[in-house]
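Residue numbers (our numbering): 5 to 459. Here's the structure we're looking at; comments come further down.
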């Protein structure tokens with residue numbers, strides 16, 4: 005058992021830098037190495053950079069320090085991570101998983117993009133967290149301590165970078181629609197006409213694609229209009245392929261999560277625009293951009309967001325090409341694991357079959373064991389049932405050019421994370437949490453601890 009596992013198992017038994025245009029293009033490739041021998045010996049520590057530690061007041065932009073303003077930037081940055089490396093080292097952490105680094109839409113509908121999932125430019129860094137030199141310094145400082153760095157990436161969607169110009173008036177509207185669009189102040193629809201509220205920012209799913217409408221009726225696919233709000237980085241996206249309508253599915257937001265077409269092709273509620281990942285040029289750019297970041301920064305793995313919202317064929321293509329490019333550059337054992345937020349164990353496991361990911365988050369265990377058994381004193385038979393199902397639901401052979409371990413042996417185990425309530429919200433007894441952490445640190449797979457859970 006590694007030193008990190010020992011320390012954290014004991015814990016279970018017993019806390020505006022500059023952003024340059026074209027960050028990805030303007031830097032040379034760093035010498036890269038393989039820093040991991042066996043991922044089962046690693047202890048992953050998830051941290052949201054904005055919420056972890058503020059080490060550089062110089063990049064504090066648009067902050068709201070109030071502890072009750074949970075949707076605002078709080079000032080954490082890459083220098084703050086460096087400042088806390090002694091703490092992480094003493095804790096026994098051997099890998100950190102950091103939130104997305106690329107430029108995001110800063111704000112939307114009263115919320116800030118502190119989390120990093122509203123990406124707008126995949127080739128520029130987020131100035132809230134620091135600049136390229138600071139990010140490289142952070143990664144190098146981690147590697148000098150034997151701490152690996154996993155980067156959170158998103159291939160499913162961009163932030164709210166455009167609106168659907170349904171009424172073709174060149175501005176984003178929210179209006180009532182009967183037989184024709186009715187903006188505030190316009191005449192009402194004829195009596196008896198069904199009236200619905202339409203928002204051009206985030207219209208409901210239409211399997212045909214979002215349609216434009218005039219007083220004469222539907223008028224074909226609605227054009228999309230990109231925002232130009234540089235003060236909050238709400239601008240036409242990059243790379244340039246994402247400035248073309250064919251880079252998106254354009255069917256509106258998901259309204260039925262049981263409809264597989266909507267899950268794969270629909271926009272995320274809140275206006276996150278779904279990317280057309282069957283588009284070969286889009287795929288090429290995804291492979292290029294994200295593998296370039298590895299080569300420029302010497303990263304050790306990807307945590308990939310929203311797996312189940314992208315078709316399997318994309319993952320088969322993306323993972324193969326990224327692995328081949330990194331292996332050719334001397335980076336081996338590069339971990340690619342992902343999030344398919346679902347309790348359906350077979351569905352989640354399907355992303356680990358040959359040719360796809362090395363691992364996934366073990367959501368069935370989170371729900372059936374950590375929530376039901378440890379938090380709610382449910383039957384321990386849940387544990388055995390999942391163990392029996394693992395051999396069927398998850399890949400049994402290592403991925404080619406992957407981490408050399410089968411997905412069944414490398415599942416990423418977790419108690420809580422940024423998408424679910426913390427354990428102590430479900431059960432405030434610290435003894436239950438200690439028992440859960442003990443199990444996390446000693447079971448088969450890769451443990452992942454959410455920042456703050458240890459405190």
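A virtual CB, placed ideally from N, CA and C, is assigned to each residue, including glycine.
In three-state terms, what does DSSP make of residue i?
i, result
"residue 164", "coil"
"residue 413", "helix"
"residue 285", "helix"
"residue 211", "coil"
"residue 111", "strand"
"residue 228", "strand"
"residue 248", "coil"
"residue 331", "helix"
"residue 178", "strand"
"residue 36", "coil"
"residue 137", "helix"
"residue 381", "coil"
"residue 45", "helix"
"residue 87", "helix"
"residue 374", "helix"
"residue 199", "Only weak support exists for where residue 199 lies, its pLDDT of 49 falling under 50; the coordinates are left without a value."
"residue 97", "coil"
I'd like the span of the beta strand (DSSP E) that includes residue i, first residue to last.
i, result
"residue 216", "215-218"
"residue 104", "Taken as a continuous stretch (DSSP letters only), residue 104 belongs to no beta strand (DSSP E), as it is neither H nor E."
"residue 127", "123-129"
"residue 157", "152-157"
"residue 48", "48-51"
"residue 307", "305-308"
Checking 7 Å against the spacing of the C-beta atoms, do residue i and residue j come in under that value?
i, j, result
"residue 291", "residue 245", "no"
"residue 102", "residue 158", "no"
"residue 330", "residue 341", "no"
"residue 57", "residue 88", "yes"
"residue 34", "residue 312", "no"
"residue 228", "residue 166", "yes"
"residue 318", "residue 281", "yes"
"residue 122", "residue 109", "yes"
"residue 240", "residue 205", "no"
"residue 92", "residue 79", "no"
Within a Cβ cutoff of 6 Å, which residues of the same chain sit near residue i, ignoring the five residues on either side of it in sequence?
i, result
"residue 403", "362"
"residue 86", "142 and 145"
"residue 353", "397 and 398"
"residue 60", "81 and 83"
"residue 296", "28"
"residue 184", "Confidence in residue 184 is poor, its pLDDT being 45 and thus under 50, which makes the residue's placement too unreliable to answer from."
Enumerate in chain order the residues of its own chain whose CB-to-CB distance from residue i is below 7 Å, with the five nearest sequence positions on each side excluded.
i, result
"residue 345", "367 and 423"
Name the two residues that bound the continuous alpha helix (DSSP H) containing residue i.
i, result
"residue 353", "349-353"
"residue 269", "264-269"
With a CB to CB cut of under 8 Å and the five nearest residues on each side skipped, what residues in its chain are close to residue i?
i, result
"residue 210", "255 and 256"
"residue 267", "258, 261, 312 and 313"
"residue 130", "23, 104, 105, 106, 107, 108 and 120"
Compare the C-beta of residue i against all C-beta atoms of chain B and say whether one is closer than 7 Å.
i, result
"residue 336", "Absence of chain B from the displayed structure is noted, only one protein chain being present."
query = What runs of the beta strand (DSSP E), each 3 residues or longer, lie entirely inside the region 395-452?
reply = 416-418
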